[in-house]
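These notes are about the structure you will find just below.
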Amino acid sequence: MNKIWVIIRREYITRVAKRSFLLMTILIPLLIFGFYAAIIAVAISGGNESQNIAVIDDASLFNGKIEDKENFSFTFIKGESIDNFRLKYHRQGYTSLLYVPNFDISQPSGITIFSESQMGPITKSRIERVVNNAIENKRMLAAKIDPNKLNSIKSDISLINKVGKGNEFRKGSSEVSSAVGYAAGILIYICMFIYGMMVMRGVMEEKINRIAEVIVSSVKPFQLMLGKIIGIGAVGLTQFVIWIVLMVILQFLIPVLFPGMAQAMSSQATQAATQQSSGLTAVAEGLKYLNFGLIIFAFLFYFIGGYLMYASLFAAVGSAVSEDQQEAQQLTLPITMPILLAFVIMTRAAAEPESGIAIFGSMFPLFSPIVMMARIPYGIGTTVPWWQLGLSMVFLILGFLFTTWLAGKIYRTGILMYGKKASWKEMWKWAFKS
Amino acid sequence: MTTLEVSHLRKYFAAMKAVDDISFTLERGSIFGLLGPNGAGKTTLIRMITGIFYPDEGEILFEGKKFDPILDVGHIGYMPEERGLYKKMKIGDQAVYLAQLKGLSQQQAVEKVKEWFTKFEMQTWWNKKIEDLSKGMGQKLQFVTTVLHEPRLIILDEPFSGLDPVNSNLIKDEIYNLANKGASIIFSTHRMEQVEEICDHIVLMNKGQKILDGTVNGVKQKFKENLFNIGLESDTSAISSEMFDVIARENHRLVVKIRNGFRSNDVLQHFIEKNIDITSFNEILPSLSEIFIKLVEGTPLSRQFQTVHS
């Protein structure tokens, strides 16, 4: 036991003391943050370039007037034929040319927009909306409907989903639950790969450096394998703790350090929020009702369980590889496949947490760490019954005990086997016939 | 007192009788040469003695008691032929780590490493990494990590490969020193002249079996061919006798093989009677290298795989 501790400590300290560890630990959240910020920025500011659109309205659809919106400005061209003008609109400083031919109001067709380059989807849909509005208005007039009256009749509600039994109901938000579940699933997926590969590389290093033989003459191969797996797992947990602390600090620090920026951001946010304020409050509301304590506990459990499960398999593969990286890639395929499959199931489970495939995925130990995490934010005891969570956890524990036992047998033989090209068939023999 | 007693040890792999009924004993403080061609099963045998492999059959007694890998590995130091250390780890930390795995406490380990580093003039290496070391320096470090925890059984597989004569001597002296202090040493090598120089006792393995066991001198005596080197004052061209065959003839020197039924003194008598002055007379013992080649010759260069019925 004491020796395993020595091994764990070495695995942990050599990794944590590396400069690259610190760099990764700090850079990754910044990168992820930047990535999402960029996505949000693009999504909100879509179609930012100003559009100066010439309009030839042969049908008098717009009655000579379109309201300019944000960066869209419309100019009506009179007394030019379309065939003639479309040759020169660009030279006159227009970005595009909208042509509305004379058409039957009940069957509009042939409305065309000319542009030099492919039009962006957001810009295109905005112009479509302008044209559609005009057509609708025209039709309402023809049908003698007052547009104002129609607007007052129109309804746009969103359902409030209250979840629970008996008297205890709480507000739920399927969007927020789905997003949190998705994020947790992805995080476990990424971690499984990163740390699993780290274990495999560590084992390969020991085998290729031939230090394995020195060490297994002092400790049992199983102790060496377990020490490495636990040590690297501890590195992973350290990384999570640092990330959580960093996020908390950042949240407090930004307004203190950059009061101006915070203000600018909030004013921008309010601008953006005018359109989506109801959405934002719904998100805030939804987050409030998530059981974060339970989610974090489950996350740690499934991270540790899933990690132990896959890391031992990665260790077994690492021990079988004798020299080249390519061999390692081939051998890891049967391990990476279930992880990928779990990811695919997870994307379904985040959207439909009660579907059969989601329930199966969250039970089967090779998939459950990723899939169950996508279901848990929907609520334990409601969407995910307690018995399912319990069973899933028991299966996962049994699962990693089994893979660790199996990997230990493969590892014991593999780590001292040189020159022989390992295959899964070979490893099967090591596991069950020796 | 015996340090190690191995009896009827067997280890079969799927297509190879790697070790097939090996027995020997190793006395306290003795230096023991384990010899054999490539693929003879030496590494497998050593791995069983170091607790890496379990034998299929047979028994290992360590200091009179049944060998228990978990308890006894702390008293064994093993330096495998293929050296291995962590490339990116600091040398001092590495030595301390390996010592801790042998059961030393952190504090003891640090003290020991400092002591040995001072002895081998390696103090300035502590914060260097293995990748900064030359091969020979790495070798010295590996030796230190092998003997640092004061093992009572030390197994060295080709300890001198890659070392210059100065460092070779340093290690050699240390091996004698450790043996004098009571450690038993198993020394595996293909360099026969080193075996002759260092070892008291040898075992020769071939195809998983023991084909020779004895002291260096005993083995040589056993394989001697009654060859003698005789230096003479006069010209040697005309000399012949029913007592010996002349193997080589030079000016003033003869190599003879004494025939069965005659002794060296008979030969001396022969020259004295003929009034030929003798300047030297000595027996030629075969070198271990010759014995090795003689015994192993005929073995295919690489060992063939065989079917094992077990």
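Residue numbers (my numbering), protein chains in the order written: chain G, 45 to 478; chain A, 0 to 309.
For glycine and all other residues, C-beta sits at the position ideal for the given N, C-alpha and C.
Query	Result
Does the beta-carbon of Gln93 (chain A) have 16 or more other beta-carbons within 10 angstroms, so that it is buried, or is it exposed?	buried
If the cut-off is 8 Å on Cβ atoms, which residues from the region 96-124 of chain A count as contacting chain G, listed in chain order?	Tyr96, Leu97, Gln99, Leu100, Lys101 and Gly102
Would you list, in chain order, the members of the region 451-464 of chain G that have their beta-carbon closer than 9 Å to a beta-carbon of chain A?	Leu460 and Tyr462
With 7 Å as the threshold, decide whether the Cβ of Ala308 (chain G) is near any Cβ in chain A.	Only weak support is given to the placement of Ala308 (chain G): the predicted model assigns it a pLDDT of 49, under 50, and the question is left unresolved by the model.
Give a yes or no on whether the C-beta atoms belonging to Gln193 (chain A) and Gly161 (chain A) are separated by under 7 Å.	no
For Ile276 (chain G) and Ser363 (chain G), I'd like the C-alpha separation in whole angstroms.	16 Å
Going by Cα to Cα distance, which pick from G:Val438, G:Met471, G:Arg173 and G:Met461 is closest to Ala451 (chain G)?	G:Met471
If I measure Cβ to Cβ from Ser311 (chain G) and keep anything under 7 Å in the same chain, skipping five residues before and after, which residues do I get?	Caution applies to Ser311 (chain G), whose pLDDT of 49 falls short of 50 and renders its modelled position unreliable; the value that the coordinates give is listed next. Once the five neighbours on either side are set aside, Ser311 (chain G) has no close Cβ partner at all.
Give me the residue from A:Leu8, A:Asn250, A:Met242 and A:Arg252 with the minimum Cα distance to Gly260 (chain A).	A:Met242
Alpha carbon to alpha carbon, what distance is there between Asn176 (chain G) and Ala317 (chain G)?	Confidence at Ala317 (chain G) is low in this model, with a pLDDT of 45, below 50, so the placement of that residue should be treated as unreliable; the coordinate-derived value is given next. Rounded to the nearest angstrom, the two C-alpha atoms are 26 Å apart.
Within the same chain, show all residues whose beta-carbon is closer than 6 Å to that of Leu287 (chain A), passing over the 5 residues directly before and after it, in chain order.	Met191, Val194 and Glu195
Which of the three DSSP states, helix, strand or coil, is assigned to Ser240 (chain A)?	strand
By Cβ distance, which residues of its chain are closer than 8 Å to Ile129 (chain A), with the 5 residues on each side in sequence left out?	Leu84, Tyr85, Lys86, Lys87, Met88, Ile90, Gln93, Gly137 and Leu140
Applying a beta-carbon distance threshold of less than 8 Å, which residues of chain A neighbour Val50 (chain G)?	Tyr96, Gln99 and Leu100
Which residues in chain G sit within 9 Å of Pro79 (chain A), going by Cβ to Cβ distance?	Arg254, Glu257, Val258 and Ser261
Within the continuous alpha helix (DSSP H) that includes Tyr96 (chain A), where are the two ends?	Ile90 to Leu100
Taking DSSP's pairing of strands, which residues face Asn228 (chain A) in a bridge?	A:Val254 and A:Asn281
Could you tell me whether any Cβ in chain G is nearer than 7 Å to the Cβ of Gly83 (chain A)?	yes
The region 54-83 of chain G: which residues have C-beta closer than 8 Å to a C-beta of chain A, in chain order?	Arg54 and Thr58
Could you tell me which of A:Ile229, A:Ile154 and A:Glu249 sits nearest to Ser236 (chain A), measuring between CA atoms?	A:Glu249
Would you give the residue range spanned by the alpha helix (DSSP H) that Phe446 (chain G) belongs to?	Trp430 to Gly458
Check the C-beta distance from Gly229 (chain G) over to Ala395 (chain G) and give it rounded, since I have them as a contact under 8 Å.	Going by Cβ atoms, the distance from Gly229 (chain G) to Ala395 (chain G) rounds to 12 Å, so no, they are not a contact pair.
Does any residue of chain G have a CB that is nearer than 7 Å to the CB of Val5 (chain A)?	no
Taking the Cβ atom as the reference point for each residue, do Gly137 (chain G) and Phe120 (chain G) lie within a distance shorter than 7 Å?	no
Could you say if the region 380-398 of chain G and the region 219-233 of chain G meet the contact criterion of at least three C-beta pairs nearer than 8 Å?	yes
Do Ala103 (chain G) and Tyr133 (chain G) come within 7 Å of each other at the CB atom, strictly closer than that value?	no
Using a cut-off of 9 Å between C-beta atoms, extract the partners of Met136 (chain A) located in chain G.	Here the premise fails: no neighbours, minimum Cβ distance about 16 Å.
Quick check on the burial criterion: 16 or more other C-beta atoms within 10 angstroms. Buried or exposed for Ala308 (chain G)?	Residue placement at Ala308 (chain G) is poorly supported in this model, since its pLDDT is 49, which falls under 50; the coordinates still yield a value, given next. Burial call: exposed.
Would you report the Cα separation of Leu74 (chain G) and Ala82 (chain G), rounded to the nearest angstrom?	12 Å
Between the Cα of Asp163 (chain A) and those of A:Val109, A:Ser133 and A:Asn126, spot the shortest distance and give me the residue it belongs to.	A:Ser133
In chain order, what residues of the same chain lie with their CB nearer than 8 Å to the CB of Leu105 (chain G), ignoring the 5 residues before and after it?	Val144, Val175, Ala178, Ile179 and Lys182
What whole-angstrom Cβ distance do Ile283 (chain A) and Leu253 (chain A) have, given they're in contact under 8 Å?	Actually they do not touch by this definition, with Cβ atoms about 11 Å apart.
Does Lys206 (chain G) come within less than 7 Å of chain A when only Cβ atoms are used?	no
Return the chain-ordered list of same chain residues with a C-beta closer than 8 Å to the C-beta of Ser399 (chain G), the five sequence neighbours on each side being excluded.	Arg392 and Ala393
Please report the distance separating the alpha-carbon of Ile171 (chain G) from that of Lys113 (chain G).	10 Å
Does any residue of chain G bring its CB to less than 7 Å from the CB of Thr49 (chain A)?	yes
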